[in-house]
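Student: These protein sequence lines map, in sequence, to chains X and U. According to our numbering, the first sequence is numbered sequentially starting from 1. According to our numbering, the second sequence is numbered sequentially starting from 753. Each residue gets a CB set at the ideal place from its N, CA and C atoms; glycine is no exception. This one's a predicted model, so the numbers in the text were calculated from it and none came from an experiment. Quick one: structure below, then a few questions.
Number of protein chains: 2
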Amino acid sequence: MGTRAVGKKVAKVDVIDKVLGKAIFAPDYYLDDMLYIKAFRAPHPHALIKEVDISKAEELAGVELIVTAKELAELNNFGLIIKDQEILAREKTRSMGDAIALIAATSEEVARRAERLIEVAYEELEVIEEPLRAMEDDAPLIHQGGNILCSHNLKKGDIKQGFAEADLILTNEFRTQRIEQLPLQTEAGVAEYDPETEVYTIWAATQWLHDTQIDVAHALGVSPSKINIVQPIIGGAFGKREDVSVQIHLALMAKLTGKKVKQVYTRAESMIAQSKRHPMIIRIKSGVTYAGKITAWEVEVIGDTGAYASSGPAVVHQALYHSTGPYNIDNIAGKSYTVYTNNTYSGAMRGFGATQAAFAYESQIDILAKEIGMDPVEFRLKNGYQRGSITPNGQELTSSVGLKETIEQAVEASNYQQIKVERGNKKRGVGIASIMFGNGYGEGYPDHSTCQIKVEDDGTLTIKTAAADVGQGVLTLVAQIISEVLNYPIEGMNFLQGNTATMKNAGSTSATRQTLFTGNATKNAAENMLAQIHHHAFLELGAHYPSLEIKDGKIIVKGEDRGLTFGKLARLAKAKGQPLIAEGSYFPKTDVPDKETGFSAKNYLAYTFNTQIAEVVVDTETGQVEVERIVAAVDIGKAIHPQNIEGQSEGGTAMGLGMALMEDQIIEKGITKNPNLSNYLVPTSLDMPEIETIIVESKDAVGPYGAKGIGEPAMIPTAPAIINAIEDAIGVRIKELPATPEKILKAVKSKE
Amino acid sequence: MGTRAVGKKVAKVDVIDKVLGKAIFAPDYYLDDMLYIKAFRAPHPHALIKEVDISKAEELAGVELIVTAKELAELNNFGLIIKDQEILAREKTRSMGDAIALIAATSEEVARRAERLIEVAYEELEVIEEPLRAMEDDAPLIHQGGNILCSHNLKKGDIKQGFAEADLILTNEFRTQRIEQLPLQTEAGVAEYDPETEVYTIWAATQWLHDTQIDVAHALGVSPSKINIVQPIIGGAFGKREDVSVQIHLALMAKLTGKKVKQVYTRAESMIAQSKRHPMIIRIKSGVTYAGKITAWEVEVIGDTGAYASSGPAVVHQALYHSTGPYNIDNIAGKSYTVYTNNTYSGAMRGFGATQAAFAYESQIDILAKEIGMDPVEFRLKNGYQRGSITPNGQELTSSVGLKETIEQAVEASNYQQIKVERGNKKRGVGIASIMFGNGYGEGYPDHSTCQIKVEDDGTLTIKTAAADVGQGVLTLVAQIISEVLNYPIEGMNFLQGNTATMKNAGSTSATRQTLFTGNATKNAAENMLAQIHHHAFLELGAHYPSLEIKDGKIIVKGEDRGLTFGKLARLAKAKGQPLIAEGSYFPKTDVPDKETGFSAKNYLAYTFNTQIAEVVVDTETGQVEVERIVAAVDIGKAIHPQNIEGQSEGGTAMGLGMALMEDQIIEKGITKNPNLSNYLVPTSLDMPEIETIIVESKDAVGPYGAKGIGEPAMIPTAPAIINAIEDAIGVRIKELPATPEKILKAVKSKE
């Protein structure tokens, strides 16, 4: 039985527990004598806190402790990139849902009742709803230092010359909405504090154990070695679990009450108090020749990061860096602004700015193609990247550029030609969108991952990786790579629960980076383990390594009976003081972009390409859009797990469809109007079209076995493909998402 | 002070000791109470041993012990690929220089006198000089099992169809000579045996510590754990130190005498009793169109491996696999034979078969170009590999194919055009040759390397690598990579002396593999060390890794005073039971070629390209060739150490010039006629032309930082470039190397 698993559709390592209901998510944790924690949250988005009265609440039976900022003079701020979030609001609120008090009670019911007994006197301030208002000189400051948090630039070639060469110049403004990541499991956790060791242990899902560890440590003013973050099974993430949620509150209350504590967010709390996808305003001015060459591309991106920075500075400039699409353009000028408002803060969400950008550039590309009378496919193929292309950041793409293959194969698998020809039914349309997505943080951020493998005395493998499996399957990827290198069955591997006490940093499960980072770290660990096994077998068996064969947990002399099990080898090696433990890391370098131009010779390690073709039918009476079919052709270098690629592609497409047609967290004057799943609409299985995923494997990407990531790029082309298909069907161009029936009807009418 | 050293011309880590005379080579070892070992060697290449009389020699004062095969009934054979070499010849000799007896004496002088007192009675057998004779049915067998040791095949496309498409078909036979690798230091070593532990310790230079370890262990019938091979400073190698030489004899005599022992080969002994470059007969039949397309390529390679296999099977089939050069040819048929004769055995030498093949194919390419009236440069550019080309083994070259750049840049830097135009002086000529060379063993051989880095309590680094530095600079490469990853000065690194007792396998210093293998293993080790350092610093400094900066043996918080030295970190980590030790391996996979066709989708991990242009003046009165200038353009992906690349290029070119014009170990009836440096001519500094090396860096090779190896490809194009230049100068084509003045004069006369 061969066991090398790379390229095979093996069962996910966590699937059995999930299917049998044995998987323990954070809300499933029950510790003895737990207290339940509840935050009292501000109803006013921007207000001075004049007085907080907790006396009535304190009197409630079952309430053990209530604290406000007043009681906690020493607290530090927290936050992903900038420490601009208060653990408890002290002087003013900056957005609806800011925590003002923490309640510890013997039951969740008591805590909720106590919450209603807290009384706060506010002095309301002007609420900044719009980033354009926030950028005005006379706008009130939300934080010290100005409402424009940061801005970034992009410069390539000569933009004036580019416009001078154009036959046609078109400018459009596109707007994207505020979206909730909507992991099914809301924020939750339990915690305990050991006064002996002064160590806090917190069980709460996170996309990045070590970042949560240090954010909590900073907030509490202790060494990170005093914080242990333990990873439960994660009930979805999509960017929302990059920010700290319950962790600091839990740690604080565990110490103050001296008891174990638990906190579970309601859906409304999750929607109002945790991050969103950034709404963006993206203006693109493009120059093009009638022959179909794009000569100039000028872009402005304004991102509404809400009341707090979170990942905002990175999200918005990533939108800028991805705002030209996968097209060869010599002359580029761009600028982005990350702006504070009094809205619920924006942070990371699948695609991380590149999703918003893709809606804009793929709409613009379609508009340009139509204006010069060229087929959108031909226009994309004419301008699309190939090996040797230079990105807007000046990076030469020397390997793994499968864009054209994704376009060609998507067109072939779709009804593109047929729908274009059968122009009889005006309501049917087909749209295409192609995107690229840089894997990993790139940009000189010193990112890395580490994985450790141990052979136990019984020959099983124990694997330590802090990489968060948010459902995308990174642990299965790790298992497959180890299986491939050591020709060892996945069944014999035991994954330790993620924690910061015994594991090293694996970086975040975000930025579509785990395939590259933890994949390569794992391959390095496994190859070192293979070398260690060969070393000891060489000495024990007296056979040189080309004569040795490794299979199913044994190493044998080829063509002979002689061999050793992994277990025997582990015991022998341990007896020599050399236990079979191998650790591998991956610590690549990228280049920090130039501040003036964004130039970075190695901006990202690899780029994933995805072309989607959407086939839609639009009902011009109701404005309803039915997406009939989506073909997605993804260039992921090498499919380590083809079925997982398909799963990511389908899940991503569902999110993209929600973005295109329905999802919208509506905030008016800072107040979320639809913090629930009855008014916040997401696609259900009935909304989903048939999805066909085609895997393109372009060569020589730097990931393990030439793989690239798929997590985020899976969703990015969907919205523009659908919007382009709507335009194809009924001739109206939606430039502001989502394309609700109301918006479509309005557009149809104004066209008539 | 920045210390990242990749791409810089840093001092070699071993250069100071070498320059100051402090480097200890094997002949420099003196142990207390040593005995001196001398082998009595057969004068007859093929003879039955009827009687050995050691009695007179034993009586000599100072002789401690003499042994023959008779006294050592239990000895096993040894040998690199096939165990066909006897430690002491028992029944017959197979080549001149086979050892028949071993003498241990109190001085080398006594041992030599004893050697002359040994008397052996032989019955002489037919001596097979030529492989073509060896292949005949009635030839006497040198070993059981036939004189054809093995044969290999190469098949691609349809060779008949290829010839049918040709406008012109040409067949030529090329012959290469027997060459001595000629490391300046002859084989030597010391050994001791510990009866307590039963461990043999042998100090003797080798290109591959662990292979020598197991070859000696097998020969002595003990576990490899009982053999410790220690690496002295190596006085050159060039392939000659792949085979065992003194090691087994020393181990044996150390045990039998109970004393420390030493053995140093004379130059004649080294030339007669150790490996040579395989003489080869290479027949090429090519089809070409008048438009310059090569349509078919049929090749036969016959390699004379002498009396023993050594690396012969691999050398000869590597010649076959490289016999079509770096050219796109759809239809290929090839066959190779590795053949025993009674000559001194052939083994590994720089280029390992590919050198001989290149002389043949680059001569044939020039002949074809001339016949169809096309400039040789144009012909090569027209047919040369580019990204996407398919090798004769069926491997698609998806990355790092800089062949055309090497041709173009070599032409530009040379006087190629000028000499071609100035046709006035008929005696001046210019010749070009382009080659490719697969890095590493490839072909599915499970090759790997390992490197270990430790941070000591004082902050210095101790590095353990078993990679043999034969002067090419692999230890400097290791130091540069560690310096690059850890931003650490090379001065703070301490390389432990290579040995098998404490180090894991790094594979051989051969096959141009160490840059890829030990380079990548080192990078993996260093990146893991970087992760460990960040991990401990994160906990100690309470700072997240993007806020940390590593430099000159310290890790500091950016913009702050706080930091830790490596030494402090090492002590802290050790106190936690986690000493700062990182081990990295590189264990890539290649594909075993199909037996019938040689097909292998991943035959080698990377290919180095080298184009040389030789400018010569030929004296038609004396036949003397003066090489005036050689331009070498090498595509090595990325120059980790540009000066070392130049050094390898110049050294390789010197060897290639020797092969082209003078070197020739002449064996008649099995007897070497010139086992000395007065009759065996090699180039001196006066023979050397000006050499200009141009570094081409093609992208995305799999080595560290995109590097490829240079060791062997440095020499491969030189001989054909010179021979092509001679033809260009005086119109005679030398098809049998070396092109001595006699041969040139004879060719000139026969042309007249």
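Starting from Gly-655(X), trace the alpha helix (DSSP H) both ways and give me its first and last residue.
Tutor: If you number the first sequence from 1, residue 655(X) lands on position 655. The residue asked about is misnamed: residue 655(X) is Met in this sequence, not Gly. Here the alpha helix (DSSP H) through Met-655(X) covers 642-661.
Student: Report all residues from its chain with a CB closer than 8 Å to the CB of Asp-1127(U); omit the five preceding and five following residues, and keep chain order.
Tutor: What you label residue 1127(U) is simply residue 375 of the second sequence in a count that begins at 1. So the list reads Ala-1121, Lys-1172, once near-sequence residues are dropped.
Student: Name the chain X residues whose beta carbon is nearer than 7 Å to that of Ser-1233(U)?
Tutor: Start at 1 with the first residue of the second sequence, and residue 1233(U) comes out as number 481. Here residue 1233(U) turns out to be Ile, not Ser, going by the sequence shown. Neighbours of Ile-1233(U) on chain X: none; closest Cβ ~12 Å, over 7 Å.
Student: Would Leu-827(U) and Ala-971(U) be called neighbours here (beta carbons separated by less than 8 Å)?
Tutor: Along the second sequence, read from residue 1 onward, the residue named residue 827(U) stands at position 75. Along the second sequence, read from residue 1 onward, the residue named residue 971(U) stands at position 219. For Leu-827(U) and Ala-971(U), yes; Cβs fall inside 8 Å.
Student: If we require 4 or more residues per run, which alpha helix (DSSP H) segments fall completely within the stretch 501-578 of chain X?
Tutor: List check, alpha helix (DSSP H) in window: 514-541, 566-575.
Student: May I ask you to verify whether the stretch 1100-1107 of chain U touches the stretch 1123-1143 of chain U, counting CB pairs closer than 8 Å and requiring at least 3?
Tutor: The stretch 1100-1107 of chain U vs the stretch 1123-1143 of chain U: no contact.
Student: I need the DSSP call for Asn-383(X), collapsed to helix, strand or coil.
Tutor: Reading the first sequence from its first residue, position 383 is the one you call residue 383(X). Note: Asn-383(X) maps to helix in three-state DSSP.
Student: Quick one: what does DSSP say Glu-690(X) is sitting in, helix, strand or coil?
Tutor: Working through the first sequence from its first residue, we reach residue 690(X) at position 690. Reduced to three states, the DSSP call for Glu-690(X) is strand.
Student: Pop quiz: Arg-1029(U) and Ile-931(U) are said to be a contact at Cβ under 8 Å. What is the actual Cβ separation, rounded to whole angstroms?
Tutor: Within the second sequence, numbered from 1, the residue matching residue 1029(U) stands at position 277. Within the second sequence, numbered from 1, the residue matching residue 931(U) stands at position 179. Right, their Cβ atoms sit about 4 Å apart.
Student: For Tyr-738(U) and Ala-1165(U), what's the separation of their Cα atoms in angstroms?
Tutor: Missing from the structure shown is residue 738(U); chain U here goes from 753 to 1504 and no further.
Student: Which residues, in order along the stretch 946-971 of chain U, keep a beta-carbon less than 9 Å from a beta-carbon of chain X?
Tutor: Cβ contacts with chain X come from His-962, Asp-963, Gln-965, Ile-966, Asp-967, Ala-969, His-970.
Student: Would you say His-544(X) lies against chain U (beta-carbon separation less than 8 Å)?
Tutor: Locating residue 544(X) in the first sequence gives position 544, where the first residue counts as 1. By this cut-off, His-544(X) is an interface position.
Student: Please tell me whether Leu-605(X) has its Cβ less than 8 Å away from any Cβ of chain U.
Tutor: In the first sequence, counting from the first residue as 1, residue 605(X) sits at position 605. Not closer than 8 Å to any Cβ of chain U, the Cβ of Leu-605(X) fails to qualify, so no.
Student: Just the C-alpha distance for Leu-1149(U) and Asn-1083(U), rounded to the nearest angstrom, thanks.
Tutor: Residue numbering aside, residue 1149(U) sits at position 397 when the second sequence is read from its first letter. Residue numbering aside, residue 1083(U) sits at position 331 when the second sequence is read from its first letter. Each residue's alpha carbon lies about 17 Å from the other.
Student: Would you verify that the beta carbon of Tyr-83(X) is, or is not, closer than 8 Å to some beta carbon of chain U?
Tutor: In the first sequence, counting from the first residue as 1, residue 83(X) sits at position 83. Sequence check: residue 83(X) is Lys here, not Tyr. For Lys-83(X), the answer is no, since every Cβ of chain U falls outside 8 Å of its Cβ.
Student: Curious, which full-length beta strand (DSSP E) runs of at least 3 residues does the stretch 172-198 of chain X contain?
Tutor: The stretch 172-198 of chain X contains these whole beta strand (DSSP E) runs: 188-194.
Student: Report the three-state DSSP secondary structure of Lys-1501(U) (helix, strand or coil).
Tutor: Within the second sequence, numbered from 1, the residue matching residue 1501(U) stands at position 749. The answer is helix: DSSP assigns Lys-1501(U) an H, G or I state.
Student: Start and end of the beta strand (DSSP E) containing Asn-724(X)?
Tutor: Residue 724(X) sits at position 724 when you count from the first residue of the first sequence. Not the beta strand (DSSP E): Asn-724(X) falls in the alpha helix (DSSP H), residues 718-730.
Student: Could you pull the start and end residues of the alpha helix (DSSP H) that Gly-162(X) belongs to?
Tutor: What you label residue 162(X) is simply residue 162 of the first sequence in a count that begins at 1. Looking at the DSSP string, the run of the alpha helix (DSSP H) that includes Gly-162(X) is 159-165.
Student: Using a Cβ-Cβ cut-off of 6 Å (strictly less than) and excluding sequence neighbours within five positions of Ile-981(U), which residues of its own chain qualify?
Tutor: Position 229 of the second sequence, counted from the start, is the residue given in the question as residue 981(U). Around Ile-981(U): Ile-954, Leu-961, Thr-964, Gln-965, Thr-1252.
Student: Using alpha carbons as the reference points, say which of Tyr-782(U), Lys-1206(U), Ile-1307(U), Phe-777(U) lies closest to Glu-860(U).
Tutor: Position 108 of the second sequence, counting from 1, holds the residue named residue 860(U). Glu-860(U) has its Cα closest to that of Tyr-782(U), out of Tyr-782(U), Lys-1206(U), Ile-1307(U), Phe-777(U).
Student: Whole angstroms are fine: how far does the CA of Gln-1204(U) sit from the CA of Asn-1257(U)?
Tutor: On the second sequence, position 505 is the one that residue 1257(U) refers to. On the second sequence, position 452 is the one that residue 1204(U) refers to. Whole-angstrom Cα-Cα distance: 11 Å.
Student: From Ala-291(X), Ser-323(X), Gln-263(X), pick the residue whose C-alpha is nearest to that of Ile-282(X); which is it?
Tutor: Working through the first sequence from its first residue, we reach residue 282(X) at position 282. Measuring from the Cα of Ile-282(X), the nearest candidate turns out to be Ser-323(X).
Student: Is any heavy atom in the ligand ATP found nearer than 7 Å to the beta carbon of Thr-1317(U)?
Tutor: Among the components of this structure there are no ligands whatsoever, and the ligand ATP is therefore not found.
Student: Count the other CB atoms within 10 Å of the CB of Gln-896(U); is the residue buried (16 or more) or exposed (fewer)?
Tutor: On the second sequence, residue 896(U) is found 144 positions in, with the first residue counted as 1. Per the 10 Å Cβ criterion, exposed.
Student: Report, in whole angstroms, the separation of the C-beta atoms of Glu-1114(U) and Ala-1185(U), which I expect to be a contact under 8 Å.
Tutor: Here residue 1114(U) corresponds to residue number 362 of the second sequence, with the count starting at 1. Here residue 1185(U) corresponds to residue number 433 of the second sequence, with the count starting at 1. Confirmed, Cβ separation roughly 4 Å.
Student: Which two residues bound the contiguous alpha helix (DSSP H) that contains Leu-35(X)?
Tutor: Residue 35(X) sits at position 35 when you count from the first residue of the first sequence. Taken as a continuous stretch (DSSP letters only), Leu-35(X) belongs to no alpha helix (DSSP H), being part of the beta strand (DSSP E) at 35-41.
Student: Quick one: is Asp-1452(U) near chain X, going by C-beta distance under 8 Å?
Tutor: Residue 1452(U) sits at position 700 when you count from the first residue of the second sequence. It does: the Cβ of Asp-1452(U) has a partner Cβ on chain X nearer than 8 Å.
Student: Pull up the distance between the alpha-carbon of Ile-768(U) and that of Tyr-200(X), whole angstroms please.
Tutor: Against the second sequence, residue 768(U) aligns to sequence position 16. Against the first sequence, residue 200(X) aligns to sequence position 200. Spanning the two alpha carbons is a distance of roughly 54 Å.
Student: What's the call for Val-618(X), buried or exposed, on a 16-neighbour Cβ count within 10 Å?
Tutor: For the purposes of this step, residue 618(X) is taken as the residue at position 618 of the first sequence. The residue is buried, with at least 16 neighbouring Cβ atoms inside 10 Å.
Student: How far does the alpha helix (DSSP H) with Asp-215(X) in it extend, from its first residue to its last?
Tutor: Taking the first sequence and counting its residues from 1, the one referred to as residue 215(X) is at position 215. Asp-215(X) -> alpha helix (DSSP H) spans 209-220.
Student: Please confirm whether Thr-176(X) and Leu-737(X) have their CB atoms less than 8 Å apart.
Tutor: Here residue 176(X) is taken as the residue at index 176 of the first sequence, counted from 1. Here residue 737(X) is taken as the residue at index 737 of the first sequence, counted from 1. Yes, the pair counts as a contact, with Cβ atoms nearer than the cut-off.
Student: Under 8 Å by Cβ, that's how I've got Ile-1046(U) and Asn-1135(U) pegged, so tell me the actual separation to the nearest angstrom.
Tutor: Taking the first residue of the second sequence as 1, we reach residue 1046(U) at position 294. Taking the first residue of the second sequence as 1, we reach residue 1135(U) at position 383. The Cβ separation is near 5 Å, so the contact holds.
Student: Between Glu-517(X) and Ser-600(X), how many whole angstroms is the CB-CB distance? I'm expecting something under 8 Å.
Tutor: As a working note, residue 517(X) is residue 517 in the first sequence. As a working note, residue 600(X) is residue 600 in the first sequence. The identity of residue 517(X) in the sequence shown is Phe, whereas the question assumes Glu. Going by Cβ atoms, the distance from Phe-517(X) to Ser-600(X) rounds to 19 Å, so no, they are not a contact pair.
Student: Any beta carbon from chain X within less than 8 Å of Tyr-1338(U)'s own beta carbon?
Tutor: Translated into the one-based positions of the second sequence, residue 1338(U) becomes position 586. Judged by the 8 Å Cβ criterion, Tyr-1338(U) is in contact with chain X.
Student: Between Asp-1387(U) and the rest of its own chain, which residues show a CB-CB distance below 6 Å, the 5 nearest in sequence each way excluded?
Tutor: Within the second sequence, the letter at position 635 stands for residue 1387(U). Gly-1154, Thr-1158, Phe-1361, Val-1448, Ser-1450, listed in sequence order.
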